[in-house]
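Below: the structure, in structure tokens.
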Amino acid sequence: MTSSSPVTSVPIHLESDVLVIGAGGAGMYAALEAAKNGASVILADRSLIGRGGATVMAQMTVAAALGEQTSDHWEHHFADTLAAGRGLCDERLAALLCEDGPQRLREMDAWKVGWAREDGHIKQAQAPGHDRPRCAYVDFLSTGPAVSRTLRTQLNNANGIRRIGDLTIVDIALRDGEACGATALHLPTGQAVTLAAKAVVIATGGLTGLYRRNSASSNMGGDGYALALRAGAELIDMEFVQFFPIGHLAPRLVGMDPIMWDPFRYKLGGKLLNSEMREFEEDYATRDKRSDGTYVLTRDLATYAITKEVEAGRGSPAGGAYLSFQHVPEAEIRKAFGPVVDRLAENGIDLAQRPVEVAPIAHYHMGGIRVDEMMQTGVPGLFACGEAVGGANGANRLSGNAITEAFVFGARAGRSAAERANASMWSADAAKPAIDLLRSASKRDAPNPAAVIVKLQAVMADDVGPFRTDAKLRSAISAIAQLKADIGDTPFASAESFDPVLADWLDLRNMLAVAQSVAAPALARTESRGAHQRDDHLGLDDAWSVNQIVAMSDGDMTLRKVMPATGKAAA
Numbered sequence: 001m002t003s004s005s006p007v008t009s010v011p012i013h014l015e016s017d018v019l020v021i022g023a024g025g026a027g028m029y030a031a032l033e034a035a036k037n038g039a040s041v042i043l044a045d046r047s048l049i050g051r052g053g054a055t056v057m058a059q060m061t062v063a064a065a066l067g068e069q070t071s072d073h074w075e076h077h078f079a080d081t082l083a084a085g086r087g088l089c090d091e092r093l094a095a096l097l098c099e100d101g102p103q104r105l106r107e108m109d110a111w112k113v114g115w116a117r118e119d120g121h122i123k124q125a126q127a128p129g130h131d132r133p134r135c136a137y138v139d140f141l142s143t144g145p146a147v148s149r150t151l152r153t154q155l156n157n158a159n160g161i162r163r164i165g166d167l168t169i170v171d172i173a174l175r176d177g178e179a180c181g182a183t184a185l186h187l188p189t190g191q192a193v194t195l196a197a198k199a200v201v202i203a204t205g206g207l208t209g210l211y212r213r214n215s216a217s218s219n220m221g222g223d224g225y226a227l228a229l230r231a232g233a234e235l236i237d238m239e240f241v242q243f244f245p246i247g248h249l250a251p252r253l254v255g256m257d258p259i260m261w262d263p264f265r266y267k268l269g270g271k272l273l274n275s276e277m278r279e280f281e282e283d284y285a286t287r288d289k290r291s292d293g294t295y296v297l298t299r300d301l302a303t304y305a306i307t308k309e310v311e312a313g314r315g316s317p318a319g320g321a322y323l324s325f326q327h328v329p330e331a332e333i334r335k336a337f338g339p340v341v342d343r344l345a346e347n348g349i350d351l352a353q354r355p356v357e358v359a360p361i362a363h364y365h366m367g368g369i370r371v372d373e374m375m376q377t378g379v380p381g382l383f384a385c386g387e388a389v390g391g392a393n394g395a396n397r398l399s400g401n402a403i404t405e406a407f408v409f410g411a412r413a414g415r416s417a418a419e420r421a422n423a424s425m426w427s428a429d430a431a432k433p434a435i436d437l438l439r440s441a442s443k444r445d446a447p448n449p450a451a452v453i454v455k456l457q458a459v460m461a462d463d464v465g466p467f468r469t470d471a472k473l474r475s476a477i478s479a480i481a482q483l484k485a486d487i488g489d490t491p492f493a494s495a496e497s498f499d500p501v502l503a504d505w506l507d508l509r510n511m512l513a514v515a516q517s518v519a520a521p522a523l524a525r526t527e528s529r530g531a532h533q534r535d536d537h538l539g540l541d542d543a544w545s546v547n548q549i550v551a552m553s554d555g556d557m558t559l560r561k562v563m564p565a566t567g568k569a570a571a
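In structure tokens, the structure reads:
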């Protein structure tokens, strides 16, 4: 039994100088900068403007060489970023991030974001991987929400920015190989929308929604990567997915960041315990023993230790490890994190009385769309920013660089897009393939796309997770191909105006392409470097001091190697 898609009427058509896809921190910054440089802007998002994506969920710190409390220079930040990237950073992008970071944080300060202060200076905390205190914050649990609120306020005060939520972008529109807009589906009504623009900015965040456990909002399934690939752009470093080792697992935690435990662990010496209530870090650590006798493992070693304890049958009931502060006096816990302790109490958690359960969680993606220092992709008129961009962080991101990246790359992409927006390339024919795809959607006997998404997340978690092998990766690639065959090339639909089945099929189309773009280079990279760890290829291999580039050619995915870009970005 089949019935037709409701997407049959003439599409709604909208025009602007610049189209920004994604309204998290990077997208909002791009829209503001494009408007400041004279462009009319449409800021589109599949959820509420400024309330989806990763920035609003980030509760920790923002790295920049402000030098407010300790002497600092952007080149010191740059050196630490390169060290974390294990030799794979695009030095032009990393330098841009570090050099422009202070300017962007001071601009946010002028916009009243509320950076924490001490003796009149912006307060900066020490974070792993930095050679000195460099990370600003609003408070330890409110930085991301404060940043998002501040940028939303700036949008409210700006002229020339039209904000449109509930839009799923189906494809970038191309004319003669240049980006000229996009085609979208308005989720509440099922109406097709064409968006003409002289420049397009992808600011859709990362791909951690591909994994069963992740710290992202539900709309981060790698949409921007898939849009860029189909448009003809390249992806870089896709194998490098960062897992946060002590993501909150149990008991239930509402309204708080699942990766909030790092400052507790480092400041108070939180202990990782297995099901026998035995501290196990020493089994895996041969260094970094603290003066109080506790071990503080780096993120990769902590992830390894917890994973191996669970595999050995010594995991906590929910499938992770216990993180305990019961050895710390209650007064000391409250002195260090008073307001946080109160919020935990609202969730029924008393750190002085009971441990919490933690486990590795997909947190960030170092890879993404390949751009130059102007945030221009290989497709004329198509730009990218924020976590959608790959290359700056190499094989592993330095703590605190994520929001800085959103600010710096968002501002640069918005300014570059405004400079590009000087001639219209739009043609209705550019949107025809995506419109035809939407109109081909039908209600028929087919797999439940929501269930297929759950299967894909399980495949990625189990076989393309923190620790990989040839056998696991080949199994994943085979499973991804089978899931792709199961859903086919023609969308499923419920034939209703609001059509979650069609929306899920469109998500799957993107997620499967992106999952393949992670698994294939992970299989090819036969070494362990940064966030990419191969149990069957331990240690660094100098022959793999290269970036891998993913592209599409005649519908097939291709993979090639390039040397990391060096040199300072143009001003």
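Numbering (the working numbering), first residue to last: 1 to 571.
Backbone N, C-alpha and C define an ideal beta-carbon position, used for all residues, glycine too.
Annotation for Leu523: Leu473 place their beta carbon closer than 6 Å to its own, counting only its chain and skipping 5 residues before and after. Here Arg412 carries a helix assignment [DSSP, helix/strand/coil].
Taken in chain order, the complete alpha helix (DSSP H) segments of 4 residues or longer contained in the stretch 131-195 are 143-157. In the three-state reduction of the DSSP assignment, Met552 falls in the strand class. When only Cα atoms are considered, Leu151 and Gly50 end up about 8 Å apart.
Taken in chain order, the complete alpha helix (DSSP H) segments of 4 residues or longer contained in the stretch 471-549 are 500-524. Burial of Asp100 is indicated by the presence of at least 16 other C-beta atoms within 10 angstroms of its C-beta.
Between the alpha carbons of Ile172 and Gly165 lies a gap of roughly 17 Å. The beta-carbon separation of Ala461 and Arg212, rounded to 4 Å, stays under the 8 Å limit for a contact. Secondary structure note for Gln103: its alpha helix (DSSP H) is the uninterrupted segment Glu91 to Ala110.
Each of Ser215, Val241 and Phe264 was checked against the Cα of Leu249, and the nearest Cα belongs to Ser215.
Shortest Cα-Cα distance from Gly129 to any of Leu93, Asn157, His76 and Leu97 involves His76.
If only uninterrupted alpha helix (DSSP H) runs of at least 4 residues are considered, those enclosed by the stretch 371-453 are 401-420 and 428-439.
Residue burial annotation: Glu239 is buried, with at least 16 other C-beta atoms found within 10 angstroms of its C-beta. Within the stretch 34-89, the complete beta strand (DSSP E) runs of at least 3 residues fall at 41-44.
Taking each of Asp541, Val514 and Gly530 in turn and checking the Cα distance to Thr558, the smallest one comes out for Val514.
When DSSP reads this structure, Asn214 sits in a beta bridge with Ala362.
Here Asp131 has His76, Ala79 and Asp80 as same chain residues with Cβ atoms under 8 Å from its own Cβ, once five neighbours each way along the sequence are excluded. Here the stretch 254-274 does not lie against the stretch 381-397, with fewer than 3 beta-carbon pairs under 8 Å apart. The bridge partners DSSP lists for Glu15 are Ala196. The beta carbon of Ala441 sits closer than 6 Å to the beta carbons of Ser5, Pro491, Ala493 and Leu502 from its chain, once the five residues preceding and following it are set aside; these are given in chain order.
Fewer than three Cβ pairs drawn from the stretch 421-430 and the stretch 248-264 lie within less than 8 Å of each other, which leaves the two stretches out of contact. A direct Cα-to-Cα measurement between Ala65 and Val358 gives close to 32 Å. Assigned with DSSP and collapsed to three states, Leu235 falls in strand. C-alpha of Asp470 to C-alpha of Ser545: approximately 20 Å in a straight line.
The alpha-carbon of Ala34 is positioned some 53 Å away from that of Ala312. Residues of the same chain with a CB within less than 7 Å of the CB of His327, apart from the 5 flanking positions on each side, are Lys271 in chain order. Note on Lys335: under 16 other CB atoms within 10 angstroms of its CB, so exposed under the neighbour-count rule.
Burial is judged here by how many other beta carbons sit within 10 angstroms of a residue's own beta carbon; Ala30 has at least 16 and is buried.
Inter-residue distance for Ala551 and Thr377 is about 12 Å (C-alpha atoms, whole angstroms). Membership of Val341 in the alpha helix (DSSP H) is indicated by the continuous run Glu330 to Glu346. Separation of Asn393 and Thr566 (C-alpha to C-alpha, rounded to the nearest whole angstrom) is 13 Å. For Leu273, the enclosing beta strand (DSSP E) has its first and last residue at Lys271 to Leu273. The beta carbons of Phe498 and Pro188 sit about 6 Å from each other, so the pair counts as a contact at 8 Å. Bridge pairing for Met256: absent [DSSP].
Rounded to the nearest whole angstrom, the C-alpha separation of Ile202 and Gln242 is 21 Å.
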